[in-house]
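Peer 1: One structure, pasted below without further comment.
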Amino acid sequence: MWHSLGVKIDAIPEDPDHPDRYNLTSWRAEQLAGLVRYLRLRVAKACSRPIVLGEVHLCDSAEARPDSCGFQNACSWAKERLLPIAAFRALPATAEGTDQWIGQVAAMAQCALVMPVLSASPEERLIETLDRLANEPIAGIVVSAPHDLAEQFLDQAATPPFSRLASGPWRTPAQVAEERPLVSVCALLVATAGLLPPDNPVHAFLADALRVVRPLGERWPAAQRQTLHENLLGLEERIADEKLDLGHAAPAVLRNFRLARHLLRLMETKP
83 MWHSLGVKID AIPEDPDHPD RYNLTSWRAE QLAGLVRYLR LRVAKACSRP
133 IVLGEVHLCD SAEARPDSCG FQNACSWAKE RLLPIAAFRA LPATAEGTDQ
183 WIGQVAAMAQ CALVMPVLSA SPEERLIETL DRLANEPIAG IVVSAPHDLA
233 EQFLDQAATP PFSRLASGPW RTPAQVAEER PLVSVCALLV ATAGLLPPDN
283 PVHAFLADAL RVVRPLGERW PAAQRQTLHE NLLGLEERIA DEKLDLGHAA
333 PAVLRNFRLA RHLLRLMETK P
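Residue 83 is where the sequence shown starts when you use the working numbering, and the numbers rise one by one after that.
Here you go:
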């Protein structure tokens with residue numbers, strides 16, 4: 083039979099000797115996977131701008147893929163350019179932050195805009211994973227809610243830097259900072275300034291930068307983005323060399339600066 087969208091779905095075999103007649107679960111799953119892929123193809127062609135598919139696992143095996151993934155074939159879809167943006171969660175057997183998982187994320191980023199999903203706890207692991215992902219070609223990050231990082235950004239930023247992912251095939255709400263990198267950069271600068279006393283020179287620099295950047299919106303000239311990138315890099319080097327004393331705030335400031343620079347690089351590649 084043919085689905086109304088034009089996708090052929092075979093009927094249950096009538097032949098009692100047909101092997102698929104006694105393995106209907108896997109047979110029907112294969113049929114539905116084809117339909118879901120076709121729907122994804124239609125969506126990809128119809129949309130003028132990338133849409134986040136949702137939260138998927140880096141797994142192409144039906145046996146290993148969790149039930150929450152449904153019939154999504156993330157790896158294959160990304161290679162076929164059917165998955166412009168996707169949020170990837172680590173499988174239980176592959177913990178986030180491990181070399182294997184980060185390698186998978188980096189490899190998938192060659193085919194699609196990738197946003198790794200990071201769990202809210204423990205905080206130390208989140209910070210470490212963010213540092214390790216800072217140099218990978220990812221489109222942004224997804225932080226499982228609730229999380230202090232997301233709440234801090236939402237409370238302090240003039241414009242919320244996170245877009246909420248609509249409920250998809252998973253049951254955990256998430257926040258994502260990927261669609262508007264400039265807003266996320268501003269939020270990082272605000273959050274970093276909040277870590278420092280007003281008389282700190284880095285705090286003064288951040289305040290001046292925000293006064294310049296915020297009114298520009300998404301029409302931020304490339305030259306100014308590059309200048310901010312270089313200034314942040316210079317501050318990182320001075321902090322790392324202990325030429326700027328930020329006390330206990332130094333690790334968090336360095337982490338925020340690295341992520342902000344990554345988002346600035348992302349803005350150079352966005353259409």
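Glycine included, every Cβ here is placed at the ideal spot set by N, Cα and C.
On a predicted model such as this, the values are computed, not experimentally measured, just so you know.
Whose C-alpha, out of Lys325, Cys268, Trp302, is nearest the C-alpha of Pro283?
Peer 2: It is Lys325 whose Cα lies nearest to the Cα of Pro283.
Peer 1: Could you tell me the distance, in whole angstroms, from the CA atom of Ala332 to the CA atom of Arg340?
Peer 2: When rounded, the distance between both Cα atoms is 12 Å.
Peer 1: Please state whether DSSP places Pro333 in a helix, a strand or coil.
Peer 2: In the structure shown, Pro333 sits in a helix (DSSP, three-state: H, G or I).
Peer 1: Give the DSSP-derived three-state secondary structure of Ala322 in the structure shown.
Peer 2: Three-state result, Ala322: helix.
Peer 1: State buried or exposed for Pro198, treating a residue as buried only when at least 16 other CB atoms are found within 10 Å of its CB.
Peer 2: By the neighbour-count rule (16 or more Cβ atoms within 10 Å), Pro198 is buried.
Peer 1: Do Glu218 and Ala177 have their CB atoms nearer than 7 Å?
Peer 2: Result no, Cβ atoms of Glu218 and Ala177 do not sit closer than 7 Å.
Peer 1: Mapping DSSP to helix, strand and coil, what is Leu328?
Peer 2: Three-state DSSP puts Leu328 in coil, outside helix and strand.
Peer 1: Take Ala275 and list the residues in its own chain whose beta-carbon comes closer than 7 Å to its own, dropping the five residues that flank it on each side.
Peer 2: His285, Leu288, Ala289, listed in sequence order.
Peer 1: Determine the extent of the alpha helix (DSSP H) in which Ala188 is found, giving its start and end residues.
Peer 2: Per DSSP, Ala188 belongs to the alpha helix (DSSP H) from 181-190.
Peer 1: Please report the residue range of the alpha helix (DSSP H) in which Pro283 lies.
Peer 2: Here the alpha helix (DSSP H) through Pro283 covers 283-295.
Peer 1: Using the Cβ count rule (16 or more neighbours within 10 Å means buried), how would you classify Val335?
Peer 2: Its Cβ being crowded by 16 or more others within 10 Å, Val335 is buried.
Peer 1: What's the C-alpha gap between Arg171 and Glu210?
Peer 2: Straight-line Cα distance between these residues: approximately 17 Å.
Peer 1: Quick one: Cα of Arg320 to Cα of Asp327, how far?
Peer 2: Rounded to whole angstroms, Arg320 to Asp327 spans 9 Å at the Cα level.
Peer 1: For His344, which of Leu278, Asp281, Arg214, Pro303 has the nearest alpha-carbon?
Peer 2: Ranking the options by Cα distance to His344, first place goes to Arg214.
Peer 1: Give me the Cα-Cα distance between Asp323 and Leu271, rounded to the nearest whole angstrom.
Peer 2: If you take the alpha carbons of Asp323 and Leu271, they lie about 21 Å apart.
Peer 1: If you check the beta carbons only, do Ala342 and Val267 fall under 7 Å apart?
Peer 2: Result yes, Cβ atoms of Ala342 and Val267 sit closer than 7 Å.
Peer 1: Does Ala304 pass the burial test, meaning 16 or more other C-beta atoms within 10 Å, or should it be called exposed?
Peer 2: Under this definition Ala304 is an exposed residue.
Peer 1: Just mark Leu315 as buried or exposed, buried being the case when its beta carbon has 16 or more other beta carbons within 10 Å.
Peer 2: So Leu315 counts as exposed.
Peer 1: Ordered along the chain, which non-local residues of its own chain (more than five positions away) have a Cβ less than 6 Å from that of Leu292?
Peer 2: Counting only Cβ-Cβ distances below 6 Å, and skipping sequence neighbours, we find Leu271.
Peer 1: Output the distance between the C-alpha atoms of Leu278 and Thr180, rounded to the nearest integer angstrom.
Peer 2: Approximately 31 Å between the Cα atoms of the pair.
Peer 1: Around the Cβ of Leu298, are there at least 16 other Cβ atoms within 10 angstroms (buried) or fewer (exposed)?
Peer 2: By the 10 Å Cβ count, Leu298 comes out exposed.
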